[in-house]
Every structure is written in C-alpha cells, then in structure tokens.
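Asker: After the structure tokens below, expect a handful of questions from me.
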Amino acid sequence: MQMDSSKSKSCFHGICSRELTRFRVRKRPFIDELASDFTEIGAVAIEHDAEPSPPLAISFCKANKNSHVFAVSDEIGYVSLFDSRRKISSAASHQENTEKTRISEWVAHENAIFDVCWMKDDSHILTASGDQTIKVWDAREKKCIGVLMLHTGSVKCLSSHPTNSDLVVSGSRDGSFAIWDLRCNINSQSRCDEVCLPPTTLVKGAHPSSQARRGRRGKATVASITSVLYLKDDISIATAGAADSIVKFWDTRNLKSHVTQACPQLEAASKKGISSLSQDSKGVFLTASCMDNRIYLYNILQLDKGPLQTFSGCQIESFYVKSAISPDADYVLSGSSNGKAHIWKVNKPQVEPIILKNHHGEVTAVDWCPSEIGKIATTADDFTVRIWNIQANHCSSSRSPFSIRRRVQAIPSTESRKSLMNDKEEPGSSNSSKEPLHNIQINSPSTPETHKKKVFSISDSNETTFEKTPEASMKNSPYSVLSPPSSLKRKTIKDYFLAAP
C-alpha cells in the first residue's frame, strides 16, 4: 500500500519493529500466487456530447483517502474524474456506467492530453498537452491556476516530486526535460489571464539519436522524451526516449550530464525506444517498457548488472502502450497492441501472464489503485476505461512470500538465520511464537539527532552496534535508494555509483 510520505517511517525502523521485537503490525494483503481470475467490475465510456474520444492517460489519486478516484485524459483535450467505488455493472451499458461514476469533466486543452499528474494531496492536477504547455488545475473548482511554458514540442510525460508537492518534471517531444517549481515568481500572463511559470531547469538533447540523420551542422537529431520519473531519493530523475532502450539517471544538483544509465544486454533491444517507466512505492524497482515487446525490471542499486527480470508476451507496437509495476513491487501490469492487458508476477517471469481480454482495441494506459489491492484500470482505443479486481477468494491478508524474502534479507545475517529457524518451528515446540527472539531494548523514535545515539543491547551475546543504512540517515527521504550516507560526504550521486562495494 502506498502511504503518505509525511506518515512513512524509515525502512530500518520497520525492520526492527517486525523482526527483532516481534512488534505486531497490520499485515498488508497481497494477491495469492494461485490467482488467475481478474473480474471486470465494469467499463465506462470516454465520450463528450455523444462524441467518443480515445483515452491517452489514466492516474489514480495518490493519497489513501482519495485513491478510489482516478483521472482520465483523452485526445480531444478533456479531463474526466471518476469514482471507482460507485456501483457499476459489466452488464450495463458503458454510457450508464459513465453517468454513475463520473464526478466531473472539463476541457483542459484544445489539443490532446498525453499525461496527467496529481499533486498537493490530490487537490491539484497537472495536464501535459500537444499544445506544448502544462496546465495546473484546481481539481475541485476545475479552474486553471497556472501554465508552464517553455517546451517547443508536445509535452509527453509528467512526474511529481515524491515529497515536495511544488516540484514536477516534464518530458517533451523536443528532446528536453524540464524541472518546474510552482512557487517560482510569475513570469507573465497568457491571453486568458492565466499565470505563466518558467522552469527552474531545462535540459536539452537528453537522448540524442545516433541512428537518426544528422542536421546541417553535423549534430545528431534529438529523440522525443517518452517518460520521466522523479525517484524516491528526492534528488534523482530517470528519463527514457524514443531513440533507444537506454534509461538515464540524473542528479538534479548537477545536470551537466547524466550520472549513469541502464539498458538491456541484447543489441537488438538497445535500438528500440521505451514507451514508459514506472517504479514501486519504495523506489527500489523500476520497469521500462521497450518497443521490442519486452518489459525490463531494474534494481536501482544494481543498474550495472542490467535487467533483473524480463517479461514478454505482450505487443508494444506504439508509444501509447504503457506498463506499471504494482505499489508492492510484486506484479507488473501492461497494455498491449493486441487488445489485451497482461499481468506478470515479478519473481516468476517465466510463468505465462494473466491475460485480460475484454477490450476491443489497443490497450494503452494502465494504473494500479494504491490502496485497494488487486484493483486496476486499463484504457484502450475502443473509447473505454475498464476497472478490474481480483476475486475475493484470491486475496490473502498475510504477506506475500516474495515480500517476506526481501524483508528477511534486509536484517543482519545472524538475526535472519534465527528468524527463519523460528518460522520453521512447530506450534508445540519450546520456541513459542509468543516469546521474542531476544531481549532487546529499543528507545522510542525521536529526532534524527537523538536517533543516532540509539543502541541495541542483546542479552544473548556481546553488545553489538548496528551500522545504519542510507535510508536511516536521511531526514526527509525515509525510502532513499540513491542518496549516499552522510558519513561518506559525497558531493554528487555519481560518486555513489562509482564507489567500490
């Protein structure tokens, strides 16, 4: 489940609570491994005044209290908000379901809207359009409160900062990506008295095309930026383009060049573009949908090893086909040009994916509901958005085996072995689950300064001091994956990747 950043605790604190002290926490439900039946809740039609329009982007709200609401943008320039909790039926007509679930709609641009992005606790929504602008909307009032202008091509993608609700990054067909700060001073006003804001940073030619023909001055032409991601460490950005399958990583403190990059090992795949990027709620895993009909999974901290997993079976024949990893990083959902949606289990890529078949056109944008496990939304060129959910008997309240394995590996090796041995004990054995593994005293959480002085005393062995992880040393980013520990005093993120293990 995706949680509000203000309420998130560090990964190190969570590990100690769950494994060392046996502190009881609410278990996150997951999709059972035997699950193969996704049921369509219903479909809504994307049309305005009886004129259908193909949907291009979809996004559920990020805050848990609003996560049942999703936004859809389309080719005509409309933004529509829907409530997925309202009762709809797969037997009812798409138009009837639309009337039941639609909260509001409005004309946001006089051109196609390629991406939408929720911000400021879901009170604002940003729209990226073919008119080369980004607009900031008050979602409740349906009022434009700002226009972001500087791109010279269609704006194709958006991504908000994980903790700062005023920062957003955009990618454009002109080959550039820009960072915007909504707190910046007003630059000018448009013809409609809309406030125009300039970007704080603009990086041109982020993904030059070596295969494309060169211009008059001998410079390689730039390729469109198809996807951008603000990573969870608060300072890094991932970008992908239409020229090749390379994912570039940038440090926002020094944007003269990218820090590192990742791409498939296959030479044939490296010449294909990427249609979309996605990351899980903790920012550890990243997926890239490549035009070679494969989806590649990367570990942010092991980019030099290439893709961890590769998922195949779908058809990605256009840059409108997107994919998304689930918030818990257990599943990957993708659209397909064959009119079907595909779902793979991350730790079993060789197993045939679950296939959703009810669409009648190319399945394009997809998204996971952050708080309702198993609820997904898919859009297609048949002018519909379909809501799916896993059957109740396939949803377990205990943790998934994959998440347990990752969790055990994160704790010290001695504790890991004892924890695994304890899990294998029979209920009637002397090692009762009600007794803690060790007599450990942990101070109550306080300020970061006092947190540094905490000591874990273990009665069964000599006094041991645990080395803090990079996540525990960060003040504002508990799930930091790229930021180096402060003790190393590295100036840029580049040092983190080049440092010896």
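For the sequence shown, the UniProt record's numbering assigns the number 1 to the initial residue and increments by one for each residue that follows. All residues carry an ideal CB built from backbone N, CA and C; glycine is no exception. Because the structure is a prediction, the values reported are computed rather than measured.
Check whether the Cβ atoms of residue 199 and residue 222 lie closer than 7 Å to each other.
Answerer: No.
Asker: Measuring straight from C-alpha to C-alpha, what distance separates residue 287 and residue 309?
Answerer: Cα-Cα distance, rounded: 9 Å.
Asker: Taking 8 Å as the threshold, find out whether the region 328-347 comes into contact with the region 374-385 through three or more Cβ pairs.
Answerer: Output reads yes: the region 374-385 touches the region 328-347.
Asker: What number of angstroms, rounded off, separates the C-alpha of residue 79 from the C-alpha of residue 263?
Answerer: Taking the straight line from one Cα to the other gives about 34 Å.
Asker: Taking the Cβ atom as the reference point for each residue, do residue 84 and residue 71 lie within a distance shorter than 7 Å?
Answerer: Result no, Cβ atoms of residue 84 and residue 71 do not sit closer than 7 Å.
Asker: Please classify residue 279 as buried or exposed, where buried requires at least 16 neighbouring CB atoms within 10 angstroms.
Answerer: Label assigned to residue 279: buried.
Asker: Please name the residue in 312, 177 and 385 whose C-alpha comes closest to that of residue 354.
Answerer: Comparing Cα positions, the closest option is 312.
Asker: In this structure, does DSSP put residue 301 in helix, strand or coil?
Answerer: Looking at residue 301 - three-state DSSP - the assignment turns out to be helix.
Asker: Rounded to whole angstroms, how far is the Cβ of residue 245 from the Cβ of residue 274, which I believe are closer than 8 Å?
Answerer: About 6 Å; that satisfies the 8 Å criterion.
Asker: Out of 153, 184, 126 and 137, which has the shortest C-alpha to C-alpha gap to residue 159?
Answerer: For the residues 153, 184, 126 and 137, the minimum Cα distance to residue 159 belongs to 126.
Asker: So who's on the other strand from residue 226, going by DSSP bridges?
Answerer: The partner list for residue 226 (beta bridge, DSSP) is empty, contrary to what the question assumes.
Asker: Taking only three categories from DSSP, how would you classify residue 96?
Answerer: The answer is helix: DSSP assigns residue 96 an H, G or I state.
Asker: Which residue's Cα is closest to the Cα of residue 181: 107, 174, 202 and 48?
Answerer: Among 107, 174, 202 and 48, the Cα nearest to that of residue 181 is on 202.
Asker: Verify whether the separation of the beta carbon atoms of residue 170 and residue 147 is less than 7 Å.
Answerer: It is not a contact, given that the beta carbons lie outside the stated cut-off.
Asker: At 4 residues or longer, and completely inside the region 77-155: list those alpha helix (DSSP H) runs for me, N to C.
Answerer: 94-101, all fully within the region 77-155.
Asker: Only counting the same chain, and skipping five residues up and downstream in sequence, which positions put a Cβ closer than 6 Å to that of residue 103?
Answerer: 81 and 83, listed in sequence order.
Asker: Per DSSP, residue 502 is paired with what?
Answerer: Nothing can be reported for residue 502, as the shown portion of the chain is limited to 1 through 501.
Asker: For residue 122, collect the residues of the same chain with a Cβ closer than 8 Å to its Cβ; drop the 5 residues on either side in sequence, then sort them by chain order.
Answerer: These residues qualify, in order along the chain: 61, 62, 63, 66, 69 and 139.
Asker: Find the nearest neighbour of residue 149 within the set 226, 142, 136 and 161, judged by alpha-carbon distance.
Answerer: Nearest option by C-alpha distance: 136.
Asker: Quick check: the Cα distance between residue 549 and residue 107, rounded to an integer number of angstroms?
Answerer: This structure cannot settle anything about residue 549, because the visible part of the chain is limited to 1 through 501.
Asker: Could you check where the beta strand (DSSP E) with residue 231 kicks off and where it finishes?
Answerer: Careful: residue 231 lies outside any beta strand (DSSP E) and carries neither H nor E.
Asker: Looking only at DSSP bridge pairs, what is residue 158 linked to?
Answerer: DSSP, once it has assigned bridges, lists 170 as partnering residue 158.
Asker: Among all the DSSP beta bridges, which residues are the ones paired with residue 49?
Answerer: DSSP, once it has assigned bridges, lists no residue as partnering residue 49.
Asker: Using the C-alpha atoms, what's the distance from residue 39 back to residue 376?
Answerer: Going from the Cα of residue 376 to the Cα of residue 39 covers about 10 Å.
Asker: What would DSSP say about residue 65, mapped onto helix, strand or coil?
Answerer: Residue state, collapsed to three classes: helix.
Asker: With which residues is residue 40 paired in a DSSP beta bridge?
Answerer: Answer by DSSP bridge pairing, in chain order: 388.
Asker: To the nearest whole angstrom, what separates the beta carbons of residue 260 and residue 303, a pair I think is in contact under 8 Å?
Answerer: Their Cβ separation, rounded to whole angstroms, is 6 Å, which keeps residue 260 and residue 303 in contact under 8 Å.
Asker: For residue 360, count neighbouring C-beta atoms within 10 Å of its own C-beta (all shown protein chains included) and say buried if the count is 16 or more, exposed if not.
Answerer: So residue 360 ends up on the exposed side.
Asker: According to DSSP, is residue 72 helix, strand or coil?
Answerer: Looking at residue 72 - three-state DSSP - the assignment turns out to be strand.
Asker: Alpha carbon to alpha carbon, what distance is there between residue 47 and residue 93?
Answerer: Rounded to the nearest angstrom, the two C-alpha atoms are 13 Å apart.
Asker: Starting from residue 55, trace the beta strand (DSSP E) in both directions and tell me its first and last residue.
Answerer: Run containing residue 55: 55-60, per the beta strand (DSSP E) assignment.
Asker: Comparing alpha-carbon positions, which option in 316, 281 and 352 lies nearest residue 330?
Answerer: Considering only alpha carbons, the answer is 281.
Asker: Please report how far the alpha carbon of residue 44 lies from the alpha carbon of residue 352, in whole angstroms.
Answerer: Using only the alpha carbons, I get a separation of about 29 Å.
Asker: Could you tell me which of 285, 230, 87 and 165 sits nearest to residue 101, measuring between CA atoms?
Answerer: Checking every option, the nearest Cα to that of residue 101 belongs to 87.
Asker: Which word fits residue 90, buried or exposed, when buried means at least 16 other C-beta atoms lie within 10 angstroms of its C-beta?
Answerer: It is exposed - the Cβ of residue 90 has fewer than 16 other Cβ atoms within 10 Å.
Asker: If I'm right that residue 272 touches residue 258 with Cβ under 8 Å, what's the distance once you round it to whole angstroms?
Answerer: Actually they do not touch by this definition, with Cβ atoms about 19 Å apart.
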